[in-house]
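With our numbering applied, the sequence shown corresponds to residues 535 to 967, in that order. Here a beta-carbon is modelled for each residue, glycine too, at the ideal position from N, C-alpha and C.
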Amino acid sequence: MTGITTSLTAACLQKCPRPVSKPNPLTVDVRYGHAGRLALPVDADRLVARREAPEQLETLESSIRGVLATPLDFPPLEQAVIPGDHIVIALDADTPAAETILAAIWDVLALRDVEPSDVLVLQPRSSQPGATADPRSALPGDVAERITWQIHDPDEAEGGQYLATSSSGERVYLAGELIAADLVIPVGPVAFDSVLGYRGTHSVLYPGLSNAESITRALGEGHRELEPADQRPLRQLVDDVGWLLGVQFCVQVVPAAGSGVAGVWAGCPESVFQAARVCLEEAWRVELEERSDIVVASIESDAGGHGWSQVGRALAVARNLVTHEGRILLLTDLNETPGDGLKLIRGADTPSEALSPLKSLAPADLVPATQCVEAADWARVYLLSQLDSDLVEDLFITPLEHPDEIGRLLELPGQCVIIENAQHAYGRIRVSE
Numbered sequence: 535m536t537g538i539t540t541s542l543t544a545a546c547l548q549k550c551p552r553p554v555s556k557p558n559p560l561t562v563d564v565r566y567g568h569a570g571r572l573a574l575p576v577d578a579d580r581l582v583a584r585r586e587a588p589e590q591l592e593t594l595e596s597s598i599r600g601v602l603a604t605p606l607d608f609p610p611l612e613q614a615v616i617p618g619d620h621i622v623i624a625l626d627a628d629t630p631a632a633e634t635i636l637a638a639i640w641d642v643l644a645l646r647d648v649e650p651s652d653v654l655v656l657q658p659r660s661s662q663p664g665a666t667a668d669p670r671s672a673l674p675g676d677v678a679e680r681i682t683w684q685i686h687d688p689d690e691a692e693g694g695q696y697l698a699t700s701s702s703g704e705r706v707y708l709a710g711e712l713i714a715a716d717l718v719i720p721v722g723p724v725a726f727d728s729v730l731g732y733r734g735t736h737s738v739l740y741p742g743l744s745n746a747e748s749i750t751r752a753l754g755e756g757h758r759e760l761e762p763a764d765q766r767p768l769r770q771l772v773d774d775v776g777w778l779l780g781v782q783f784c785v786q787v788v789p790a791a792g793s794g795v796a797g798v799w800a801g802c803p804e805s806v807f808q809a810a811r812v813c814l815e816e817a818w819r820v821e822l823e824e825r826s827d828i829v830v831a832s833i834e835s836d837a838g839g840h841g842w843s844q845v846g847r848a849l850a851v852a853r854n855l856v857t858h859e860g861r862i863l864l865l866t867d868l869n870e871t872p873g874d875g876l877k878l879i880r881g882a883d884t885p886s887e888a889l890s891p892l893k894s895l896a897p898a899d900l901v902p903a904t905q906c907v908e909a910a911d912w913a914r915v916y917l918l919s920q921l922d923s924d925l926v927e928d929l930f931i932t933p934l935e936h937p938d939e940i941g942r943l944l945e946l947p948g949q950c951v952i953i954e955n956a957q958h959a960y961g962r963i964r965v966s967e
């Protein structure tokens, strides 16, 4: 198949025997944080499953260039542009290897005599604190200076211009640069998403590159009861926006461990999405026959950072797999100040008490805050991080001040599941038919 490059381990999810009475010691190496590594002592007979991250592409640069030359259901990129075209690369802030992808796209554009000044790299405003990394770092210096890199400001008066009305009757507003472009190339990850089901292709365009009203209206708590492939109105709207804008070509990746890439695709958005989704499901879906007493979830720093968004996604996965009042052990180097939504939790007497103000106020961190509340209300959550212990306790989470404490918790009775880079995973219990 052209337009697709992947690299997956043959058995990312290792299933293990059911418990027996005699101990069978096993050491499991787990990476977490920025460069952390733990050797976890586990009874092999109690280890129900271990989800390892998929392998990274060994030849990432050549793989990207290959899919640009042989896209899925679309001519090679160099045949889609002419000199004088104004091109917008809509770049998702959570894209692994973004600088390598951008450099490869530029090399194709340069072959067609496109001027650097006619290229704009446009990114949605990140919800993560701190400065966003410049994605032009792999470009030649003179080219990087002439290609514009812009963070969209939805609060400006021109933050959204009217595009069209969607099939559901919603007026769609987008950044004017997108509407005026001759070619828009969405670049980003295909990933599980609690609100959209699947993130990817057109989701970088809307609502992040729309106006403030659209972004606020799209804020949601997620749908834990739905499968990722189930229909969701917001995902339908996102795809409508891509169609209304006339997007015909995109570049998408599936993340590996850390900031790595497990697969890359280019071409027609529908074809790219379908191919990437197959890879995502094989690489990151975790399905169990029954809930586990202990879920260990590690979080490595990824392209989107190492913050509460990653913690919230990992907690959502663990909450779906752990027994009621079971234990969730989060391995992180988290050192990010909680946002407004998480601060609401600190003022509550119980986790569930925070749900009502979260829904009514809809802070920017509504999704991770809700994920934290739901996990803490269901199970006992333990967090290894760099945060102050009092702050962690205020969130109804038990702080772990030393990695050795993980080993002692793993000595407690019950079945265990280990999920590495859990922020990328999706977990569910199989339902008997």
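Taking the alpha carbon of residue i as the point to measure from, which residue in the options has its own alpha carbon closest?
| i | options | result |
| --- | --- | --- |
| residue 624 | 635, 648 and 618 | 635 |
| residue 627 | 915, 777, 763 and 733 | 733 |
| residue 658 | 696, 720, 807 and 620 | 720 |
| residue 901 | 951, 842 and 937 | 842 |
| residue 818 | 847, 805 and 617 | 847 |
| residue 780 | 959, 953 and 622 | 622 |
| residue 640 | 664, 608, 629 and 602 | 602 |
| residue 795 | 964, 607, 629 and 731 | 629 |
| residue 707 | 727, 749 and 718 | 749 |
| residue 595 | 558, 585, 663 and 672 | 672 |
| residue 894 | 908, 883 and 878 | 878 |
| residue 565 | 729, 578, 585 and 593 | 585 |
| residue 837 | 722, 806 and 684 | 722 |
| residue 863 | 821, 896, 910 and 651 | 910 |
| residue 871 | 578, 840, 856 and 808 | 840 |
| residue 823 | 593, 964, 619 and 678 | 964 |
| residue 608 | 754, 943 and 804 | 804 |
| residue 834 | 562, 563 and 569 | 569 |
| residue 496 | 740, 807 and 700 | Because the chain here runs from 535 to 967, residue 496 falls outside it and cannot be looked at. |
Thinking C-beta only, is residue j closer than 9 Å to residue i?
| i | j | result |
| --- | --- | --- |
| residue 827 | residue 853 | no |
| residue 590 | residue 790 | yes |
| residue 890 | residue 631 | no |
| residue 582 | residue 949 | yes |
| residue 667 | residue 686 | no |
| residue 615 | residue 643 | yes |
| residue 869 | residue 919 | yes |
| residue 961 | residue 575 | no |
| residue 932 | residue 951 | no |
| residue 959 | residue 783 | no |
| residue 906 | residue 845 | yes |
| residue 731 | residue 763 | yes |
| residue 825 | residue 855 | yes |
| residue 494 | residue 925 | The question about residue 494 has no answer here: the residues shown for the chain are numbered 535 through 967. |
| residue 930 | residue 884 | yes |
| residue 697 | residue 778 | yes |
| residue 695 | residue 713 | yes |
| residue 882 | residue 888 | yes |
Below 8 Å on the Cβ atoms is my guess for residue i versus residue j; work out the distance and round it to an integer in Å.
| i | j | result |
| --- | --- | --- |
| residue 661 | residue 898 | 6 Å |
| residue 776 | residue 736 | 3 Å |
| residue 681 | residue 655 | 6 Å |
| residue 851 | residue 788 | The Cβ separation is near 16 Å, so there is no contact. |
| residue 567 | residue 938 | Wrong, their Cβ atoms sit about 16 Å apart, outside the cutoff. |
| residue 702 | residue 768 | Not confirmed; about 10 Å, so no contact. |
| residue 612 | residue 560 | About 52 Å separates the two Cβ atoms, so there is no contact after all. |
| residue 801 | residue 605 | 3 Å |
| residue 954 | residue 587 | 5 Å |
| residue 913 | residue 875 | Not really, about 20 Å apart at Cβ, beyond 8 Å. |
| residue 670 | residue 638 | With 8 Å as the limit, residue 670 and residue 638 do not qualify as a contact, their Cβ atoms being about 13 Å apart. |
| residue 956 | residue 810 | So it is not a contact: roughly 20 Å between Cβ atoms. |
| residue 729 | residue 754 | 4 Å |
| residue 620 | residue 716 | 5 Å |
| residue 746 | residue 664 | That belief does not hold up - the Cβ atoms of residue 746 and residue 664 are roughly 21 Å apart, past 8 Å. |
In this structure, what does DSSP give as the bridge partners for residue i?
| i | result |
| --- | --- |
| residue 716 | According to DSSP, residue 716 bridges with nothing at all. |
| residue 917 | 864 and 933 |
| residue 826 | 856 |
| residue 561 | 575 |
| residue 685 | 657 |
| residue 740 | Residue 740 pairs with nothing; no bridge assigned. |
| residue 699 | 705 |
| residue 722 | 786 |
| residue 953 | 585 and 831 |
| residue 938 | Bridge partners of residue 938: none, in fact. |
| residue 836 | 839 |
| residue 533 | Given that the chain is displayed from residue 535 to residue 967, the structure contains no residue 533 and the question cannot be resolved. |
| residue 819 | 960 |
| residue 948 | Answer is none; residue 948 lacks a bridge partner. |
Can you check the region 595–682 for any alpha helix (DSSP H) of at least 4 residues that lies completely inside it and give the ranges in chain order? Within the region 595–682, the complete alpha helix (DSSP H) runs of at least 4 residues are 632–645 and 675–680.
Quick check on the DSSP output: what are the complete alpha helix (DSSP H) runs of length 4 or more inside the region 875–913, in order along the chain? Considered as a whole, the region 875–913 harbours 889–895 and 900–912 as its complete alpha helix (DSSP H) runs of no fewer than 4 residues, in chain order.
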